[in-house]
Amino acid sequence: MVCAKGARFAVFVILIAVALICLSGFALGAEEVAASAVQKSSLPWWAWPLILFVVTFLLGIVAVLGGVGGGVLFVPIIGGFFPFHLDFVRGAGLMVALAGALAAGPGLLKKGLADLRLAFPVALIASSCAIVGAMIGLALPTNVVQTALGATILGIVAIMFMAKKSDYPEVPKADALSTALRINGIYYEATTGQTINWKIHRTPQGLATFIVIGVMAGMFGLGAGWANVPVLNLMMGAPLKVSVATSKFLLSITDTSAAWIYINNGAVLPMIAVPSVIGVMLGSIVGVRILTRTKPSAVRHIVITMLLFAGARALLKGLGIWT
Amino acid sequence: MQQNQTATKEQLTYAALLNKGMKLGLLMLVVSFLLYMSGVLVPHVPVDKLPEYWGLSVHKFLEVSNIHPGWTWVGMISKGDFLNFVGISFLAGVTILCYVRIIPILFGKGDKVFAVIGILEVLVLALAASGLLKTGGH
């Protein structure tokens, strides 16, 4: 009964979010979104930051319920349906992902779920490559970035559909690199009362994959939890909880380097970034409170549908088909 | 109690500093934005003109609004819009402070490899924050 009420509330929130997003798109007018360099709408200037705040608040709730980061929803949806240039949306998206990771980091580290030894080498590679990605993203033509963003979002949808998760992946033997770096750990699993010992394997392959993940995180301003978790969990063999927590903590480092590139190149506009950060963070707090009363699988399907729609929109917008 | 046993000293130190920095940064962000919205400090770009700018690419925006990228905002901190960069930059800088804080702990434990990784990370983040890396126009 409680669960049904929670699910209904979650669906209600998502429907409001979708309605607001669609309204914002229609309010601007499709022709105005198109080629115009200086975009104008019939709404007063303050309406857009206000709508942005409400939409990001709802996105914050949906992101928690759907088990995704705020950035991955923020960039395609705000980029696709608001009058802001994609440069500023990606800059704000990075700030959203960064603020969320900074807020979650301390608790995850204290509990021993996020692991500093696992994060350090990965972060060094991902953050270096995120700088490269950010510079590429700001240098490429907008339609190219928009098209690549759409394709990436659709790829993320495919990953979310297909990727399996393993609570405790089997790691027969730690590889030489992780052994040399002593990347292993112990965490307390509160649900079972067990202390879990873990180690990893395929470290060189995993680190190499973070080159690509870092570039994409910087290029699209998405955050990268959608890629971090499968690599840490399925490829490198870290337990799921350690992977999720370390991934979240990793974003605070990866997105820091990319965020600086956007800040120093003028691509962080306070009127877009600050309401978004506050909106998503407040929404996340509310989302956590109602998380226990919802059906995660149902919400996750709706989130995937939203991403599918936003990804298709970004792809078609980039290709000039749906402007 | 049992949970804390799994976190190392450097991890707990990092977490404690990150926690304080994150809260301070968010507070700065909210206060500066409220000042910006209240109009107490006149912004460089008038808020009612923003819809003419936010649809432009960043390169075009910088050109028409006569804003120089990088750390020049520090000299324009009295403007309402640029004041926001105090909180934004602080949030983006917290991670660097956390790394700097735990590097001596790692050296103290004899964990030289991770201390060097930490130093390299600080250098990477400092390079990103320096403003030396500029992008071409599009």
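Chains A and B, in that order, are what the protein sequence lines are. FYI, the numbering for the first sequence is 433 to 755, going by my numbering. FYI, the numbering for the second sequence is 11 to 148, going by my numbering. Note that the Cβ used here is the ideal one computed from N, Cα and C, for glycine as well.
Neighbourhood of tryptophan 81 of chain B by C-beta, 8 Å cutoff - its chain only, sequence neighbours within 5 removed = For tryptophan 81 of chain B, where only same-chain residues beyond five positions count, the Cβ hits under 8 Å are Gly141.
Output, in chain order, the set of chain A residues within a Cβ distance shorter than 7 Å of serine 67 of chain B.
-> His517, Asp519 and Thr574
Within 10 angstroms of the Cβ of phenylalanine 593 of chain A, are there 16 or more other Cβ atoms? Answer buried if so, exposed if not.
-> By the beta-carbon neighbour count (other beta carbons within 10 angstroms, threshold 16), phenylalanine 593 of chain A is exposed.
What first and last residue would you give for the alpha helix (DSSP H) that runs through tryptophan 658 of chain A?
-> Per DSSP, tryptophan 658 of chain A belongs to the alpha helix (DSSP H) from 657–662.
Supposed contact pair glycine 97 of chain B and methionine 32 of chain B - C-beta distance, whole angstroms, cut 8 Å | Not confirmed; about 11 Å, so no contact.
Kindly say whether isoleucine 618 of chain A, judged by its beta-carbon, lies nearer than 8 Å to any beta-carbon of chain B.
-> yes
Hey, alanine 529 of chain A and valine 700 of chain A are a contact pair by Cβ (cut 8 Å); roughly how many whole angstroms apart?
-> Incorrect: roughly 13 Å between the Cβ atoms, too far for contact.
Can the beta-carbon of leucine 792 of chain A be found closer than 8 Å to that of valine 554 of chain A?
-> Coverage of chain A is limited to positions 433 through 755, which leaves residue 792 of chain A absent and any answer about it impossible.
Enumerate in chain order the residues of its own chain whose CB-to-CB distance from glycine 752 of chain A is below 8 Å, with the five nearest sequence positions on each side excluded.
-> Asn575
What separation, rounded to the nearest whole angstrom, lies between the Cα atoms of phenylalanine 520 of chain A and valine 68 of chain B?
-> 7 Å
Specify, as a first and last residue, the run of the beta strand (DSSP E) that tryptophan 692 of chain A falls within.
-> No beta strand (DSSP E) holds tryptophan 692 of chain A; the alpha helix (DSSP H) holding it covers 672–696.
Examine chain A for any beta-carbon lying closer than 8 Å to the beta-carbon of glutamate 73 of chain B, and answer yes or no.
-> no
According to DSSP, is tyrosine 600 of chain A helix, strand or coil?
-> coil
Exposed or buried, arginine 614 of chain A, counting other C-beta atoms within 10 Å across all chains shown (16 or more means buried)?
-> exposed
Listing by chain order, which chain B residues have their CB less than 8 Å from the CB of isoleucine 693 of chain A?
-> Ala138, Leu143 and Thr145
Report the three-state DSSP secondary structure of threonine 105 of chain B (helix, strand or coil).
-> helix
Taking the alpha-carbon positions, what's the phenylalanine 124 of chain B to serine 559 of chain A distance?
-> 16 Å
Using the rule of at least 16 other Cβ atoms within 10 Å of the residue's Cβ for burial, across every protein chain shown, is aspartate 547 of chain A buried or exposed?
-> Classification for aspartate 547 of chain A: buried.
Check the Cβ-Cβ distances between methionine 769 of chain A and every residue of chain B, and say whether any is below 8 Å.
-> As displayed, chain A neither begins before 433 nor continues past 755, which places residue 769 of chain A out of reach and without an answer.
So which residues on chain A does isoleucine 115 of chain B lean against when the C-beta distance must stay under 7 Å?
-> The contacting residues do not exist; isoleucine 115 of chain B stays about 11 Å from chain A at best.
Which residues of chain B have a Cβ atom closer than 9 Å to the Cβ of asparagine 697 of chain A, listed in chain order?
-> Val68, His69, Leu72, Pro79, Gly80, Gly141, Leu143, Lys144 and Thr145
Since phenylalanine 124 of chain B meets chain A, which of its residues come closer than 9 Å, beta carbon to beta carbon?
-> Near phenylalanine 124 of chain B (Cβ distances below 9 Å), the residues of chain A are Leu548, Arg549, Phe552, Pro553, Leu613 and Arg614.
Which residue comes first and which comes last in the alpha helix (DSSP H) that contains lysine 119 of chain B?
-> Run containing lysine 119 of chain B: none; DSSP gives neither H nor E here.
Alpha-carbon to alpha-carbon, tryptophan 478 of chain A and phenylalanine 485 of chain A | Answer to the nearest angstrom: the Cα atoms are 11 Å apart.
Is it a yes or a no for the region 112–121 of chain B touching the region 662–677 of chain A, going by three-plus beta-carbon pairs under 8 Å?
-> With fewer than three CB-CB distances shorter than 8 Å, the region 112–121 of chain B does not count as touching the region 662–677 of chain A.
For glycine 532 of chain A, name the three-state secondary structure that DSSP assigns.
-> Correct three-state label for glycine 532 of chain A: helix.
By DSSP, does isoleucine 628 of chain A sit in helix, in strand, or in coil?
-> strand
Counting only runs that start and end within the region 52–81 of chain B, where is the alpha helix (DSSP H) found for 4 or more residues in a row?
-> 60–63 and 68–74
Using beta-carbon positions only, say whether tryptophan 64 of chain B and phenylalanine 516 of chain A come within less than 8 Å of one another.
-> yes
Since tyrosine 619 of chain A sits in a beta bridge, which residues does DSSP pair it with?
-> According to DSSP, which records beta bridges pairwise, tyrosine 619 of chain A is partnered with A:Ile628.
Give a yes or no on whether the C-beta atoms belonging to isoleucine 557 of chain A and leucine 639 of chain A are separated by under 8 Å.
-> yes
Verify the CB distance criterion: does alanine 716 of chain A have a CB-CB separation below 8 Å to chain B?
-> Per the sequence shown, residue 716 of chain A should be read as serine rather than alanine. Not an interface residue.
In whole angstroms, what is the alpha-carbon distance linking leucine 586 of chain A and isoleucine 645 of chain A?
-> 16 Å
Integer-rounded CB distance, given that glycine 750 of chain A should sit under 8 Å from threonine 579 of chain A = 3 Å
Counting contacts by CB-CB distance shorter than 8 Å, is asparagine 14 of chain B in contact with chain A?
-> Only weak support exists for where asparagine 14 of chain B lies, its pLDDT of 43 falling under 50; the coordinates are left without a value.
Could you round the C-beta distance between alanine 583 of chain A and leucine 747 of chain A to whole angstroms and report it? I think they count as a contact, below 8 Å.
-> 6 Å
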